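J.: Using UniProt numbering, the letters of the sequence shown correspond one by one to residues 9 to 341.
Note that the Cβ used here is the ideal one computed from N, Cα and C, for glycine as well.
Being a predicted model, the structure only gives us computed values, none of them experimental.
A single structure is presented below for examination.
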Amino acid sequence: AQHQADIAAAEAPNAEALEAFRIQYLGTKGLVKTLMGEMKNVPNEQKREFGQILNAFKLAAEERFETLKAALESNTEFSFDYDISLPGDPLPLGSRHPISMVRNRIVDIFKRLGFAVAEGPEIEDDWHNFGALNLPEDHPARDMQDTFYISQDPAWLLRTHTSNVQIREMEKGKLPIRLIMPGKVYRNETISARAHCFFHQVEGLYVAENVSFADLKQTLYFFVKEMFGQDVKVRFRPSYFPFTEPSAEMDISCLICGGKGCNVCKHTGWVEILGCGMVHPNVLQNCGIDPNKYTGFAFGMGIERITMLKYQVKDLRLFSENDVRFLRQFTGA
Ligand code: PHE
9 AQHQADIAAA EAPNAEALEA FRIQYLGTKG LVKTLMGEMK NVPNEQKREF
59 GQILNAFKLA AEERFETLKA ALESNTEFSF DYDISLPGDP LPLGSRHPIS
109 MVRNRIVDIF KRLGFAVAEG PEIEDDWHNF GALNLPEDHP ARDMQDTFYI
159 SQDPAWLLRT HTSNVQIREM EKGKLPIRLI MPGKVYRNET ISARAHCFFH
209 QVEGLYVAEN VSFADLKQTL YFFVKEMFGQ DVKVRFRPSY FPFTEPSAEM
259 DISCLICGGK GCNVCKHTGW VEILGCGMVH PNVLQNCGID PNKYTGFAFG
309 MGIERITMLK YQVKDLRLFS ENDVRFLRQF TGA
């Protein structure tokens, strides 16, 4: 019992004391071994009791040793002399990706007009990317967007535009619809300063009673002024999309060269930033919406293009190279 108490009271303020403890109790000539040697002198009828006590003692000694060792080790960690007056290491702060910043900005502007946000799948079936958008199989306009196919029959593909989300939302059958739909899109295009095989779009859709082309134009005018300021010039050109009729493309005056000519505006002074139009009656019908009761407008814009104009970025590839020298320039923007 005295030995037990000694063990419990033992302290090991340093490595030497710990080692001394180990030698005293657990070493080859230590107390545990010595007492075990005594076993042969113990009368047979007491051997059992002696053995139990001795075993408990041995366990207690081992346990105490481990405890002291652990305490000593954790002590050592904190035994450095810290100079708490030294200045700390600055934590490097990241910056948001310019595409994310501009996407958020676009979404915020449309939110103020009452648009809600929706998203859809990037891996899509033929119907939602093409068929329902009034592009039947073999329609020549399918070639406008070079598609990455994942499988042929049934056809699964990487969506070529965010217009698939229009379809998925209209299918839900809840009207009116006023949505802004950001996302990634994929096209099998040769990578250059102006084109990439993957980029970002924001789709817009408004379907209700009495929606007109004038509503579309005013909405987009508002967007451009909020995004680029009051001075930027806007023009609409007639265009063609199978899913809108009439269709248009919207250009803004080139903010990179101020109209003097550069590779972003192909030396025309104008840059196309979006396609738009009135939702084709066939598309409404494909989604179970009565085109005699409802009309709608839709538009789709490329976020990269808008970001290039906003921040004077001349090469699209910079957005996906993750060069911190580029990305760092947007800290605090
Ligand atoms: N989906 C078209 C594109 O990617 C853009 C668009 C969207 C045009 C909606 C009209 C209406 O080019």
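Would you call the region 255 to 272 and the region 179 to 191 in contact, with 3 or more CB pairs under 8 Å?
T.: No, the region 255 to 272 is not in contact with the region 179 to 191.
J.: By Cβ distance, which residues of its chain are closer than 7 Å to residue 209, with the 5 residues on each side in sequence left out?
T.: The answer, listed in chain order, is 169, 170, 191, 193, 308, 309, 310 and 311.
J.: Quick test of the definition: if touching needs 3 or more C-beta pairs under 8 Å, does the region 323 to 338 touch the region 103 to 114?
T.: With a cut-off of 8 Å, the region 103 to 114 and the region 323 to 338 count as touching, because enough Cβ pairs lie within range.
J.: How do the region 151 to 160 and the region 215 to 223 stand: do at least 3 beta-carbon pairs fall below 8 Å, yes or no?
T.: Counting Cβ pairs under 8 Å, fewer than three are found: no touch.
J.: Counting pairs of Cβ atoms below 8 Å between the region 313 to 324 and the region 285 to 301, do you hit three or more?
T.: The answer is no - the region 285 to 301 does not touch the region 313 to 324, with fewer than three Cβ pairs under 8 Å.
J.: Measuring straight from C-alpha to C-alpha, what distance separates residue 250 and residue 153?
T.: Their backbone Cα atoms lie some 12 Å apart in a straight line.
J.: Mind checking whether the beta-carbon of residue 306 lies closer than 7 Å to any heavy atom of the ligand PHE?
T.: Yes, the beta carbon of residue 306 sits closer than 7 Å to at least one heavy atom of the ligand PHE.
J.: Taking residue 234 and residue 117 to be in contact with their CB atoms under 8 Å, please state how far apart those CB atoms are, rounded to whole angstroms.
T.: Yes, residue 234 and residue 117 are in contact; Cβ-Cβ is about 5 Å, under 8 Å.
J.: I need the DSSP call for residue 100, collapsed to helix, strand or coil.
T.: Three-state DSSP puts residue 100 in coil, outside helix and strand.
J.: Could you please give the first and the last residue of the uninterrupted beta strand (DSSP E) stretch that includes residue 24?
T.: Looking at the DSSP string, residue 24 is not in any beta strand (DSSP E); the run it does join, the alpha helix (DSSP H), is 23 to 29.
J.: Report yes or no: do three or more beta-carbon pairs, one from the region 45 to 52 and one from the region 13 to 32, lie closer than 8 Å?
T.: The region 45 to 52 is not in contact with the region 13 to 32.
J.: Apart from the five residues on each side of it in sequence, which residues of its chain come closer than 7 Å, Cβ to Cβ, to residue 175?
T.: 136, 140, 141 and 295.
J.: Could you check which residue in 277, 306 and 197 has the C-alpha nearest to that of residue 206?
T.: Answer by Cα proximity: 197.
J.: When we look at the beta-carbon of residue 132 and count the other beta-carbons within 10 Å, is it buried (16 or more) or exposed?
T.: Result: buried.
J.: Tell me the DSSP secondary structure of residue 14 in three-state form.
T.: Looking at residue 14 - three-state DSSP - the assignment turns out to be helix.
J.: Taking Cβ to Cβ, would you say residue 167 is nearer than 8 Å to residue 130?
T.: Contact flag set, yes.
J.: Could you check how far apart the C-beta atoms of residue 262 and residue 242 are, in whole angstroms? I think they sit under 8 Å.
T.: Not quite, the Cβ-Cβ distance comes to about 12 Å (not below 8 Å), so this is no contact.
J.: When every heavy atom of the ligand PHE is checked, does at least one fall within less than 7 Å of the C-beta of residue 295?
T.: No.
J.: Buried or exposed for residue 16, going by 16 or more other Cβ atoms inside 10 Å?
T.: When all chains shown are included, residue 16 counts as exposed.
J.: Run the proximity test for residue 220: is its beta-carbon closer than 7 Å to any non-hydrogen atom belonging to the ligand PHE?
T.: Checking the Cβ of residue 220 against the ligand PHE gives no.
J.: Suppose you measure from the CA of residue 55 to the CA of residue 29; what does that come to, to the nearest Å?
T.: Roughly 27 Å separates the two Cα atoms.
J.: Please classify residue 161 as buried or exposed, where buried requires at least 16 other C-beta atoms within 10 Å of its C-beta.
T.: Flag for residue 161 reads exposed.
J.: What did DSSP end up calling residue 123 once you bin it into helix, strand or coil?
T.: Looking at residue 123 - three-state DSSP - the assignment turns out to be coil, as it is neither helix nor strand.
J.: Find the nearest neighbour of residue 330 within the set 147, 247 and 102, judged by alpha-carbon distance.
T.: Checked all of 147, 247 and 102; the closest Cα to residue 330 is 102.
J.: Residues in the same chain with beta-carbon distance under 7 Å from residue 34, minus the five sequence neighbours each way, listed in chain order, please.
T.: If we look at residue 34 and ignore the five residues flanking it on each side, its Cβ neighbours are 40, 69, 70 and 73.
J.: Measuring from the CB of residue 303, is there a heavy atom of the ligand PHE at a distance below 7 Å?
T.: Outside the cutoff, so no.
J.: Where do the ends of the alpha helix (DSSP H) carrying residue 302 lie?
T.: Looking at the DSSP string, residue 302 is not in any alpha helix (DSSP H), and its letter there is neither H nor E.
J.: Mind reading off the beta-carbon distance from residue 304 to residue 215? Whole number of angstroms is fine, and I expect it under 8 Å.
T.: 3 Å between Cβ atoms; contact.
J.: Looking at the unbroken beta strand (DSSP E) that takes in residue 225, where does it start and where does it end?
T.: First-last for residue 225: 221 to 236, but that is the alpha helix (DSSP H), not the beta strand (DSSP E).
J.: Is residue 241 helix, strand or coil when you go by DSSP?
T.: Coil, per DSSP.
J.: Please state whether the Cβ-Cβ distance between residue 306 and residue 227 is less than 8 Å.
T.: Not in contact: residue 306 and residue 227 (Cβ atoms no closer than 8 Å).
J.: Can you determine whether any heavy atom of the ligand MG sits closer than 7 Å to the C-beta of residue 209, and answer yes or no?
T.: The model depicted lacks the ligand MG and carries the ligand PHE instead.
J.: Should residue 105 be listed as close to the ligand PHE, given that the test is whether its C-beta is under 7 Å from any heavy atom?
T.: Checking every heavy atom of the ligand PHE against the Cβ of residue 105, none is found closer than 7 Å.
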